[in-house]
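Start counting the sequence shown at 338; every next residue gets the next number (the numbering used here).
Data first, discussion second: the structure below is written as structure tokens.
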Amino acid sequence: MTFRELHYGERPLLLPNAWDFASGAALATAGFPAIGTTSLGVAAAAGLPDGENATRAETLRLARSLVRLPVPVTVDVEGGFSERPEEVAALAGELASYGVAGINIEDGRADGSLRPVKEHAALVEAVKAAAPDLFVNARTDAHWLPGHEAEALERVRAYTAAGADGIFVPGVAAERDVRGLVDATPLPLNVLFLPGRTAVDELARMGVRRISYGSLLFRTALHAAVTAALDQAAPAGVPSYADVQRMVAEAS
């Protein structure tokens, strides 16, 4: 099944987000049909800030690595690492040339503002022109940044008209808001899994087609590593050295 087709199955696509090859290989081995990346994980692992256009090189390097996996890969490119449509389009074309199946491009900025809607729509249009087969998940942070929630529907409609293949609205959880977003676009709606606030079955019933884990897995891994070090004991189920070697070899 192609990456695009995964958005139209009987159940929403559960998309885990990797931060390096090993995490991607482990998730593919566990049976997930596609893998995304987490910009926070990529940035933090490199000792760089997230969301500040600092990790273009690291993102490209990871993408070249992850396409070795036996499942489709979609890459979080933050806001495109540029405000210039031609530069964002060139980035998308390069990723497509590696074999990347999709990208996630956001309108949120590091200063807590949103890129003007027409400017972000122009980026989406430029990307689709440069890489028409790339699945472009246009993300709006209107529900992620306080005070911008009222802009969500306008942005969803604008990015849909610009040629996006999917719409991502992280931070949304209330049923009324989710259903309003589903009704606002014919494209598959992607939301973020928020433990304690959203449940997969409920989101499926509302019409959500893709559910991302975002940085949750990366943050959980950090916590597990520190906990294991402090407790001086390995939790049950930790793979052995040989298990990891075999997993990476088989996933390549």
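We treat Cβ as the ideally placed atom computed from N, Cα and C, and that holds for glycine.
Note that the structure is a prediction, hence the values are computed from the model and not measured.
- Taken in chain order, the complete alpha helix (DSSP H) segments of 4 residues or longer contained in the segment 412-478 are 422-435 and 454-467.
- According to the DSSP assignment, G503 belongs to no alpha helix (DSSP H) but to the beta strand (DSSP E) extending over G503 to F505.
- Boundaries of the alpha helix (DSSP H) around V585: Y578 to A588.
- Within its own chain, the residues whose Cβ lies closer than 8 angstroms to the Cβ of T411, once the five positions on either side in sequence are excluded, are F340, L352, A371, I372, G373, T374, V437, A438, G439, I440, N441, F472 and N474, listed in chain order.
- Judged by their CB atoms, P409 and A588 are not nearer to each other than the 8 angstroms cut-off.
- Annotation for V404: no beta strand (DSSP E) segment contains it, and DSSP assigns it neither H nor E.
- Inclusion of L490 and G508 in the CB contact set at 8 angstroms is not warranted, their separation being larger than that value.
- For R405, the CB contacts under 7 angstroms within the same chain, skipping 5 residues up- and downstream, are S589 in chain order.
- Note that the C-beta distance between V493 and A463 is not below 8 angstroms.
- Out of G500, A571, W481 and G533, the CA that lies nearest to the CA of P525 is found in G500.
- Taking C-alpha positions only, K465 is separated from P576 by approximately 41 angstroms.
- Just so you know, the alpha carbons of T497 and D568 end up roughly 49 angstroms apart.
- In the structure shown, A363 adopts helical secondary structure according to DSSP, grouped into three states.
- Secondary structure within the segment 531-573: the alpha helix (DSSP H) runs of 4 or more consecutive residues, fully enclosed, are 537-543 and 553-568 (chain order).
- The DSSP-derived three-state label of L482 is coil.
- Per DSSP, the continuous beta strand (DSSP E) segment holding G373 begins and ends at I372 to T374.
- In this chain, the alpha helix (DSSP H) harbouring L518 covers E512 to A521.
- Between P349 and I548, the gap from beta carbon to beta carbon is short of 8 angstroms.
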